[in-house]
Amino acid sequence: MNNHGRDESTVIDLSVINPQRSRPQQYTPPPRSPPIITSPTLNSPNIFNHLSLLDNSDPSSPATASPTNGSGTGSGNNNNNNNQNRHSKGQAKGGAGGGGGGHGGNGGHETKECPRHADGHPPNRLTTRDLGNNRTVYLFFGSDVVLFDTIMTYRLGKPDMHVEDAIDAHGEHQGADAMANLIYGTQAFDMVLKYPIAEHLRKVPLTPEQTSINVDNTEKGAAAAQEGQGLINNNNSDTTTGAGAAAGAANKDLEAGAVNTAKIEQEAKLEMYRRRFKKALLKEGLVIEEEPNIDGEEMFVKIYAPFWRLCVEAQRLRFKVELMHAETSKEKAAADAAAAKAKSQGVLYRYFWRFIQKADNVSLPLRPESLQFKATKLRQYALAEKTRRWSDIVRHGGGIKPDGSGVGSRMGSDGRDGFFDTARRGRLTESIIIYSKIKTKRGDRHALKTVMDKKAYTDMFTLHDGSYKSKVKPIPNQRTLLFQNWVRSTRTQPLEDIRHYYGEKVALYFAWIGHYTKWLFWAALAGVLFLVYGISNHFIKGTGPAEGTLGGQLVDIFDNALTLPYALFMSVWSALFVEYWKRKSAVLAYEWNTLDFEQLERARPEFKPTGTRTSPVTGKLELYYPRYKQVVSIFTSILVVLISIGIVIISVGSLMLFNLYMKKNDDPQSFRAGLNKNVATVLTALLSLVVIVVLGTIYAKLAQILTDNENHKRLTQYEDALIIKRFLFDFVNFYSALVYIAFFKDYITEDVEIIKGQPKDSCDKDGCLGELAIQLAIVFVGKQLINQAQEIAIPILKKWWNKKNELAERAANLKGKYKSQTKAVKPPQWAKDDLLPAYNPQMFEEYRELVIQFGFCTLFVTAFPIAPIFALLNNVLEIRVDAYKLLTQHKRPIAQGAQDIGSWGTILMLLTHISVFTNACLIAFQSKWMINNVFKRIPWV
52 MNNHGRDEST
62 VIDLSVINPQ
72 RSRPQQYTPP
82 PRSPPIITSP
92 TLNSPNIFNH
102 LSLLDNSDPS
112 SPATASPTNG
122 SGTGSGNNNN
132 NNNQNRHSKG
142 QAKGGAGGGG
152 GGHGGNGGHE
162 TKECPRHADG
172 HPPNRLTTRD
182 LGNNRTVYLF
192 FGSDVVLFDT
202 IMTYRLGKPD
212 MHVEDAIDAH
222 GEHQGADAMA
232 NLIYGTQAFD
242 MVLKYPIAEH
252 LRKVPLTPEQ
262 TSINVDNTEK
272 GAAAAQEGQG
282 LINNNNSDTT
292 TGAGAAAGAA
302 NKDLEAGAVN
312 TAKIEQEAKL
322 EMYRRRFKKA
332 LLKEGLVIEE
342 EPNIDGEEMF
352 VKIYAPFWRL
362 CVEAQRLRFK
372 VELMHAETSK
382 EKAAADAAAA
392 KAKSQGVLYR
402 YFWRFIQKAD
412 NVSLPLRPES
422 LQFKATKLRQ
432 YALAEKTRRW
442 SDIVRHGGGI
452 KPDGSGVGSR
462 MGSDGRDGFF
472 DTARRGRLTE
482 SIIIYSKIKT
492 KRGDRHALKT
502 VMDKKAYTDM
512 FTLHDGSYKS
522 KVKPIPNQRT
532 LLFQNWVRST
542 RTQPLEDIRH
552 YYGEKVALYF
562 AWIGHYTKWL
572 FWAALAGVLF
582 LVYGISNHFI
592 KGTGPAEGTL
602 GGQLVDIFDN
612 ALTLPYALFM
622 SVWSALFVEY
632 WKRKSAVLAY
642 EWNTLDFEQL
652 ERARPEFKPT
662 GTRTSPVTGK
672 LELYYPRYKQ
682 VVSIFTSILV
692 VLISIGIVII
702 SVGSLMLFNL
712 YMKKNDDPQS
722 FRAGLNKNVA
732 TVLTALLSLV
742 VIVVLGTIYA
752 KLAQILTDNE
762 NHKRLTQYED
772 ALIIKRFLFD
782 FVNFYSALVY
792 IAFFKDYITE
802 DVEIIKGQPK
812 DSCDKDGCLG
822 ELAIQLAIVF
832 VGKQLINQAQ
842 EIAIPILKKW
852 WNKKNELAER
862 AANLKGKYKS
872 QTKAVKPPQW
882 AKDDLLPAYN
892 PQMFEEYREL
902 VIQFGFCTLF
912 VTAFPIAPIF
922 ALLNNVLEIR
932 VDAYKLLTQH
942 KRPIAQGAQD
952 IGSWGTILML
962 LTHISVFTNA
972 CLIAFQSKWM
982 INNVFKRIPW
992 V
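Numbering of the sequence shown is given in the numbering used here, commencing with residue 52 and proceeding in unit increments.
Structure representation (structure tokens):
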């Protein structure tokens, strides 16, 4: 199987990066065990010292190298019926298929004998092992079969040893960490997929004390190891009986006509795709375990990514990792001199300077230098020092320990986390899975997209670290720590912990909303001062009319001597907010090593190229899609967007006519006769809010279809195109009615009679500012109330309702089904997470909601000066609600990298520029106070 598009390669010498002195003494297994892989010594060669992991390059750049020695066909000819190892020794030359389990054709690299095809190992074939409790392990490489049996024998021979000891004992072998976690049942897997089991293949639900039927028992060497070992295999008589019973039940169903033949054929096709998918992942170096749920209706595929495979993927993705840094004597002397100088200054000076540095985002300490990751230089990076235990370096960082605590809570023997945190492990594993290939009738295709499109698999997710209510002492799991220090805490958000758990994209969103909320405090404070002055002017000094319309009273409060200074302040505030966010974003990108993320981004699996070409920039082959086809799609999208905007404008005009109709009082018998004009204005605003929500929901699906049709190559390009479409529509949808009231209502209808015999649509004697304030208050505050209802009230109502209905019943059944006759067994984390809905890691709706809010706070702040107050109250609640929702109510999203917030930053700057113009126009044309007290005194106005 050829994996096109990868040109990176590496050779991992585990005897170098994992010195023998850091591992405990190797355990010698019993005589009846399968061939044992002994620890390397200085005088004996290590067969894993020269594992060449060669692929063809980034998916956007197919490899072009031709074999230099041999035919290169040693990549995928792994015959399951041949007991001879065809790929040992010289046949692996000319291709990387030996070491990577099928990545052949790149003969530009000379490959040494691959240990995965060494003499004495079983042949490379799809092999299974039964761990009991319905757990089945899938292996492909013969060396992995031997390693599995070796670690299993180690566990049986030394039951007092823990998983860390097993990893250290076999640390020189590729995949020992994943295999040990699998055998010891730590639940430290990196990804979970699931698919429904066909009805005619479902077995009777088993209790946790029972075990499943062996799937494959053909390996003679494995059978010798399994003999007499209850943890490895079930009794053969039980296997025969169970298989016979299952076959008999299937025959009865077929005879009775209960099973549809078409469904069986369809399921056979899906199983074929699943088998190909498993082989593709196994050849990529992953380890697969399957386990059905307690009902036997769904199968969960748990994927373990060995540390060496993560290193290879990190090198391909060009991750930047911090180097080890030991403080030199010069650096220490400079730090001491700086501390002495600071101490010599006055107290007020020190605190004032510290405040200025903190406000200016320059007080952050410089981190150690970072370089692109190279697997062969592992021991030069931080968290991979030569003095660290190998098990501490490769530790998963997730899963459950026997005491119920999380493995991911920085619980290494030295109190530090592993080299790859759980977020980065999930991101790397997803990359391996997404870009793996399978052969189809149309050629090689991305495996995951193919099986998902065929519905062979229905879901893929990564696990939470455990319960967010864990009470294990002294350290609970990372999920519980985030719940305590983030959701329930009023302190500063732990951005580093969020990043290590969810990745840079999610952490960047919470960094942005935190920055936005802090800046809103000053705008809200100015709004409060403005409101106090306006109320005092209206009620205490008695400058306002005793009676009048609601709009007139709002104008009297909001239109005063502070209107111009407040508008000037908000213009400066919005500009500084955006500029300071740029600085903070750059600081975070530097600290998180994502400054060049977009330059190194890989092609999307959904990208559909028409061929390849030589890149005019790099000179390498790359996947190619004709520019003219994309231009045609973009012009089609522009046309549809313009039509959608036209529909919004028509809806605004319809609401305007409705407002005129409600204000018409020509018929004394009509219900409109005694209707207050304010009621008509409020009713129109409510209808406008409904239209905005409905049209926005419909257009959201349309925009995604249009963006999919444009076939963007990079995910960042795809997201930016979608953001632009959505915002253009939202801008017209949310602000068009406000723009009409503010700038056109009093002027466009001055000489135009819209309805015959109907009074012209004009503002009252107090001007349009009051009606604009009413419209803005209802739409702005109403939109926030709807969003909070969706995020708080609706989940609470669902939770209350589900206490009596399906979800609570499923949760109760889940707990009940995992109870044995002797003791209660907690449901596994993958079973609990499966009940939760998925979460979109792009955070698109969250950004959209807040950017629209920013527009309301800036574009028409002159008409509604207390908008920042409502925005601040909403955002303080929004941070905790989003954190709670993300941490407790949804599956854990797969981590994604990000350099910045994308096109949202450009949109914020655009809104800032437009707000200067809109507020200036409001003051110039709608402010009665400015007209009466300023403009009349200027002769030339």
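Positions of the beta carbon are idealized from the N, C-alpha and C atoms, including for glycine.
If we ignore side chains and look at the alpha-carbon of each, how far apart do residue i and residue j end up?
i, j, result
"L973", "D472", "52 angstroms"
"V699", "Y641", "42 angstroms"
"R186", "L337", "17 angstroms"
"S622", "D468", "45 angstroms"
"W980", "N611", "6 angstroms"
"D465", "D443", "8 angstroms"
"N344", "V352", "11 angstroms"
"N926", "E657", "35 angstroms"
"S688", "L753", "10 angstroms"
"Y355", "D241", "5 angstroms"
"H376", "Y432", "9 angstroms"
"H941", "P892", "11 angstroms"
"L924", "K671", "53 angstroms"
"H515", "S380", "43 angstroms"
"R496", "G565", "42 angstroms"
"R988", "H964", "29 angstroms"
"E318", "H251", "10 angstroms"
"Y750", "V629", "28 angstroms"
"T92", "V538", "In this predicted model, T92 has a pLDDT of only 32, less than 50, meaning its place in the structure is not dependable enough to derive any value."
"P527", "T237", "16 angstroms"
"M894", "N838", "15 angstroms"
"F609", "M960", "26 angstroms"
"L422", "L651", "14 angstroms"
Relative to the C-alpha of residue i, which candidate in the options has its C-alpha closest?
i, options, result
"V445", "G222, V629 and D346", "G222"
"A239", "F911, P879, L182 and E316", "P879"
"G697", "T665, S787, F794 and S636", "S787"
"G704", "F686, L674, V606 and T735", "T735"
"T661", "Q650, W570, I608 and Y675", "Y675"
"E822", "V538, T665, S702 and L605", "L605"
"I903", "A654, G948 and L962", "L962"
"L571", "K776, W632 and P527", "W632"
"Q841", "E897, Y791 and I825", "E897"
"A474", "W624, G226, R988 and H447", "H447"
"L737", "Q755, M707, K764 and N762", "M707"
"Q529", "A319, D759, G948 and T939", "T939"
"E322", "K392, T501 and T438", "T501"
"N970", "I958, F911 and D951", "F911"
"T204", "N175, V188, I234 and T179", "I234"
"T201", "A217, R655, D387 and R367", "A217"
"M511", "Y791, S966, R943 and L619", "R943"
"D346", "L434, R253 and R327", "R253"
Kindly give me the distance between the Cβ atoms of residue i and residue j, rounded to whole angstroms, as I take these residues to be in contact under 8 angstroms.
i, j, result
"Y567", "L928", "With 8 angstroms as the limit, Y567 and L928 do not qualify as a contact, their Cβ atoms being about 14 angstroms apart."
"E364", "S487", "The pair is not a contact, with the Cβ atoms about 11 angstroms apart (cut-off 8 angstroms)."
"Q513", "G477", "The amino acid at residue 513 is misidentified as Gln; the sequence shows Thr. With 8 angstroms as the limit, T513 and G477 qualify as a contact, their Cβ atoms being about 4 angstroms apart."
"G906", "I774", "Actually they do not touch by this definition, with Cβ atoms about 14 angstroms apart."
"L757", "V683", "Contact flag wrong, Cβ pair sits at about 12 angstroms."
"V832", "S739", "With 8 angstroms as the limit, V832 and S739 do not qualify as a contact, their Cβ atoms being about 13 angstroms apart."
"K796", "C819", "6 angstroms"
Review point. Would you say the region 574-584 touches the region 914-921, given that touching needs at least three Cβ pairs under 8 angstroms?
Key: Contact between the region 574-584 and the region 914-921 is present, because at least three Cβ pairs lie under 8 angstroms.
Practice item. Check whether the region 775-786 touches the region 738-749, counting contact only when three or more Cβ pairs, one atom from each stretch, lie closer than 8 angstroms. Key: Yes, the region 775-786 is in contact with the region 738-749.
Point to revise | Complete alpha helix (DSSP H) runs within the region 758-794 (minimum length 4 residues, chain order) | key: You should have 766-790.
**Study point:** the region 879-889 / the region 546-553 touching (three or more Cβ pairs under 8 angstroms)
**Key:** Below 8 angstroms, too few C-beta pairs join the region 879-889 and the region 546-553 to call them touching: fewer than three.
Review point. Pairing CB atoms from the region 502-510 with CB atoms from the region 230-248, are three or more of them under 8 angstroms?
Key: As far as the Cβ criterion goes, the region 502-510 touches the region 230-248, which means the pair count is three or higher.
Exercise for review: Tell me, please, whether the region 931-940 touches the region 530-539 by the rule of three or more beta-carbon pairs shorter than 8 angstroms.
Suggested key: Verdict: yes, contact present.
Exercise for review: Can you check the region 316-379 for any beta strand (DSSP E) of at least 3 residues that lies completely inside it and give the ranges in chain order?
Suggested key: Segments of the beta strand (DSSP E) lying fully in the region 316-379: 338-343, 349-355 and 371-373.
Review point. Using 8 angstroms as the threshold, is the region 207-226 in touch with the region 313-330, meaning 3 or more CB pairs across them?
Key: In the pairwise beta carbon analysis, the region 207-226 is classified as not touching the region 313-330: fewer than three pairs are separated by under 8 angstroms.
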